[in-house]
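> Reading the sequence shown from the start, the letters are residues 37 to 162 in the numbering used here.
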Amino acid sequence: MDQSTKESIKINSLIINKEMRLNIKTKMGIKRTVQFGKAFKLNIEKTVKHTQSVNRSYLTRSDINYVIKNNDYLNRVQLEKEVDAIFMANSLKQGFLYHSFKQSNIDDATTIDEKLFKMAWEHAQN
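(1) Go ahead and label residue 58 buried or exposed: buried means 16 or more other beta carbons lie within 10 angstroms of its beta carbon, across all protein chains shown.
(2) Using CA atoms only, rank isn't needed, just tell me which of 85, 49, 62 and 53 is closest to residue 43.
(3) Can you tell me the Cβ-Cβ gap for residue 124 and residue 90, rounded? I've got them flagged as a contact below 8 angstroms.
(4) May I have the straight-line CA-CA distance separating residue 149 from residue 137, to the nearest angstrom?
(5) Starting from residue 92, trace the beta strand (DSSP E) in both directions and tell me its first and last residue.
(6) Can you tell me whether residue 128 is buried or exposed? The criterion is at least 16 other CB atoms within 10 Å of its CB, across all chains shown.
(7) Residue ranges of each beta strand (DSSP E) run of no fewer than 3 residues wholly in the region 51 to 110, ordered along the chain?
(8) Let me confirm a value: residue 152 is counted as buried when at least 16 other C-beta atoms fall within 10 Å, else exposed. Which label applies?
(9) For the alpha helix (DSSP H) containing residue 130, name the first residue and the last one.
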């Protein structure tokens, strides 16, 4: 690794035939780099095993077209229940949704059929 670079560790990875390959370069010397590589591999394997054992899915920011900018917030949204999709809503849409779901029992104008609303929303997004 070039000593003029700011990074202490560079890792490039790729998957070929369902096998992950890593290229690790460091400024730590060969022995410590090998130790780091082994520990890194072990932790990736633990992460993969854990992910496979979970009986639900989680969305990433790329799954929702980066509508939510913060990973911590996205994780909180999904903490207790599985989330299928997240859509952008301006303040007017947010108000309609809030009043529909929180005050539907006192709304004398109309009720929202959640199934039809979801279908319409998905159609509008395409």
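For each residue, glycine too, the CB sits at the ideal point set by N, CA and C. Treat the numbers as computed from the prediction; the structure is a model and nothing was measured.
According to the structure data:
(1) Position 22 of the sequence shown, counted from the first residue, corresponds to residue 58. By the neighbour-count criterion, in which a residue is buried when 16 or more other Cβ atoms sit within 10 angstroms of its Cβ, residue 58 is exposed.
(2) What you label residue 43 is simply residue 7 of the sequence shown in a count that begins at 1. Sorting 85, 49, 62 and 53 by C-alpha distance to the C-alpha of residue 43 places 62 at the top.
(3) Locating residue 124 in the sequence shown gives position 88, counting from the first residue. Locating residue 90 in the sequence shown gives position 54, counting from the first residue. Actually they do not touch by this definition, with Cβ atoms about 27 angstroms apart.
(4) As a first step, residue 149 is located in the sequence shown; it is residue number 113 there, counting from the start. As a first step, residue 137 is located in the sequence shown; it is residue number 101 there, counting from the start. Residue 137 has its alpha-carbon roughly 11 angstroms from the corresponding atom of residue 149.
(5) Looking up residue 92 in the sequence shown gives position 56. Premise fails: residue 92 is in no beta strand (DSSP E) and is neither H nor E.
(6) Against the sequence shown, residue 128 aligns to sequence position 92. Residue environment analysis places residue 128 among the exposed positions, since fewer than 16 neighbouring C-beta atoms fall within 10 angstroms of its C-beta.
(7) For the beta strand (DSSP E) assignment, the uninterrupted runs of no fewer than 3 residues enclosed by the region 51 to 110 are, from N- to C-terminal side, 55 to 62.
(8) As a first step, residue 152 is located in the sequence shown; it is residue number 116 there, counting from the start. The residue in question, residue 152, is exposed, as its Cβ has fewer than 16 Cβ neighbours within 10 Å.
(9) Here residue 130 corresponds to residue number 94 of the sequence shown, with the count starting at 1. For residue 130, the uninterrupted alpha helix (DSSP H) segment begins and ends at 127 to 138.
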